[in-house]
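Okay, structure first, notes after.
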Amino acid sequence: MEMPLHFYKLHGLGNDYILLDAVKSPLQIERLDEFARKVCSRHFGVGSDGVLIAMPPTSGDAHLRMRIINPDGSEAEMCGNGIRCLAKWAYEHGRVKRSVMHIETLAGIRTVRVVTRGRSVISVEVNMGIPSLKRSDIPMRGDKEFAIDEEIVVDGQVIKVTAVSMGNPHCVIFVEDVTSVPVDVLGPKIEFHPAFPNRTNVEFVQVISSDRLKVRVWERGAGATLACGTGACASLVASVVTGRAKRKATVYLPGGSLEVHWSEDGQVYMKGPVEEVFEGDINDAWLSAALSK
Ligand code: ZDP
1267 MEMPLHFYKL HGLGNDYILL DAVKSPLQIE RLDEFARKVC SRHFGVGSDG
1317 VLIAMPPTSG DAHLRMRIIN PDGSEAEMCG NGIRCLAKWA YEHGRVKRSV
1367 MHIETLAGIR TVRVVTRGRS VISVEVNMGI PSLKRSDIPM RGDKEFAIDE
1417 EIVVDGQVIK VTAVSMGNPH CVIFVEDVTS VPVDVLGPKI EFHPAFPNRT
1467 NVEFVQVISS DRLKVRVWER GAGATLACGT GACASLVASV VTGRAKRKAT
1517 VYLPGGSLEV HWSEDGQVYM KGPVEEVFEG DINDAWLSAA LSK
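When we follow my numbering, the leftmost residue of the sequence shown carries the number 1267, and every step to the right adds one.
Below, the structure written as structure tokens:
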């Protein structure tokens, strides 16, 4: 690796990402999982909730391709806050000269629309696609086709869950008061629960009213985060199918709020802010050492 590795640091509601530009030239990193585990460390690396990689599309219908690697090295199918970060970066850094972009992900092509003030992108609206509640799509073990208000046992405790796929898996749990949930204790127990062969993201949802949800998230491969876009969408979908909310709601997360709408056409639309904080270079020596162990 002769050149320092340039990166961009962005976040959506405090769910922060290191973005690497592989549009102009391919990354020279063999082990992305090892790289993510090291660079996401907030003490030994740059620090983030994951790594986004912007790449040329493989499909003629897309303008860019996005990969998302969690801090534990696992690769996710889709990412809500992350795709907003990628859209802002692509627009402001001239990789895509359109306000409506089609982004290729492992969960399929997602359409995003940047909202600008002058040349700055201040928020992004994402068509997050059609959710699935089919157990086989989550995936989740068990007999019934759907897992809606279904009981699972976690450490001897019976918990009612609703499983939703936004391309990535989500396990939604309704609670009276999210502030009193031991997210750091329950989160990993559910993330790694045997019912979820690919693990799962976990959302604890307090229904404030039929159009206001308060959510805390334990993310697969990342732990507790300040926000999760796919998680906010899964929370709304689960609230609608269990009769707790209308199809349009404001989702309040610790890092801020997202507007989510499960439209009558079946698509889920999410809109929220995004910021680019800085860009920098990872130096050669750190990179060689990090990838050599
Ligand atoms: O599915 C997963 O493994 C998630 N941890 C990916 C990241 C999701 C994200 N936080 C989001 O906003 O959807 C980026």
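Ideal Cβ placement from N, Cα and C applies to all residues, glycine included. Everything numeric in this text was worked out from a predicted model, so none of it was measured.
If you measure from the CB of residue i, is any heavy atom of the ligand ZDP nearer than 7 angstroms?
i	result
Ile1456	no
Ile1334	yes
Asp1315	yes
Ser1340	yes
Ala1488	yes
Thr1508	no
Thr1382	no
Asn1549	no
Glu1485	yes
Gly1538	no
Cys1437	no
Val1494	Reading off the sequence, residue 1494 comes out as Cys, not Val. Yes, the ligand ZDP has a heavy atom inside 7 angstroms of this Cβ.
Cys1306	no
Gly1395	no
Gly1453	no
Gly1346	yes
Gly1532	no
Thr1491	yes
Gly1522	no
Gly1497	yes
Can the beta-carbon of residue i be found closer than 8 angstroms to that of residue j?
i	j	result
Val1483	Asn1467	yes
Asp1327	Ile1375	yes
Arg1350	Gly1278	yes
Arg1510	Val1473	yes
Leu1293	Glu1542	no
Val1381	Glu1358	no
Gly1496	Met1367	The sequence shown places Thr at residue 1496, not Gly. In this structure, Met1367 does not lie closer than 8 angstroms to Thr1496 by Cβ.
Leu1330	Val1507	no
Val1534	Val1540	no
Gly1408	Arg1401	yes
Gly1433	Ala1356	no
Glu1437	Phe1462	At residue 1437 the sequence reads Cys, which differs from the Glu that was named. Going by C-beta atoms, Cys1437 is nearer than 8 angstroms to Phe1462.
Ser1314	Ile1284	yes
Gly1546	Phe1310	no
Val1430	Val1471	no
Arg1379	Glu1370	no
Ile1548	Val1362	no
Val1424	Glu1416	no
Leu1271	Ile1319	no
Met1321	Ala1342	no
Ala1488	Asn1336	yes
Ala1302	Gly1339	yes
List the residues that DSSP assigns as beta-bridge partners of residue i.
i	result
Glu1542	Leu1276
Leu1285	Tyr1274, Leu1318
Ala1393	The sequence given here has Asn at residue 1393, not Ala. Beta-bridge pairing links Asn1393 to Thr1377, Tyr1535.
Phe1412	Lys1400
Ile1418	Ile1425
Locate the alpha helix (DSSP H) running through residue i, then write down its first and last residues.
i	result
Lys1304	1298-1305
Leu1568	This structure cannot settle anything about residue 1568, because the visible part of the chain is limited to 1267 through 1559.
Ser1558	1550-1558
What are the boundary residues of the beta strand (DSSP E) that residue i is part of?
i	result
Gly1318	Correcting the residue type first, residue 1318 is Leu in the shown sequence and not Gly. First-last of the beta strand (DSSP E) with Leu1318: 1317-1321.
Leu1519	1514-1519
Ala1429	1423-1431
- Which parts of the stretch 1326-1391 are runs of the beta strand (DSSP E), unbroken and 3 residues or longer, counting only runs that do not cross its ends? 1330-1335, 1366-1371, 1374-1383
- Query: For the stretch 1469-1508, which segments carrying the alpha helix (DSSP H) assignment without a break, of at least 4 residues, lie completely within its bounds, in sequence order?
  - Reply: If we require 4 residues or more, the alpha helix (DSSP H) runs fully inside the stretch 1469-1508 come out as 1495-1507.
- Query: Of all the beta strand (DSSP E) runs that stay within the bounds of the stretch 1435-1472, which reach a length of 3 or more residues?
  - Reply: 1435-1440
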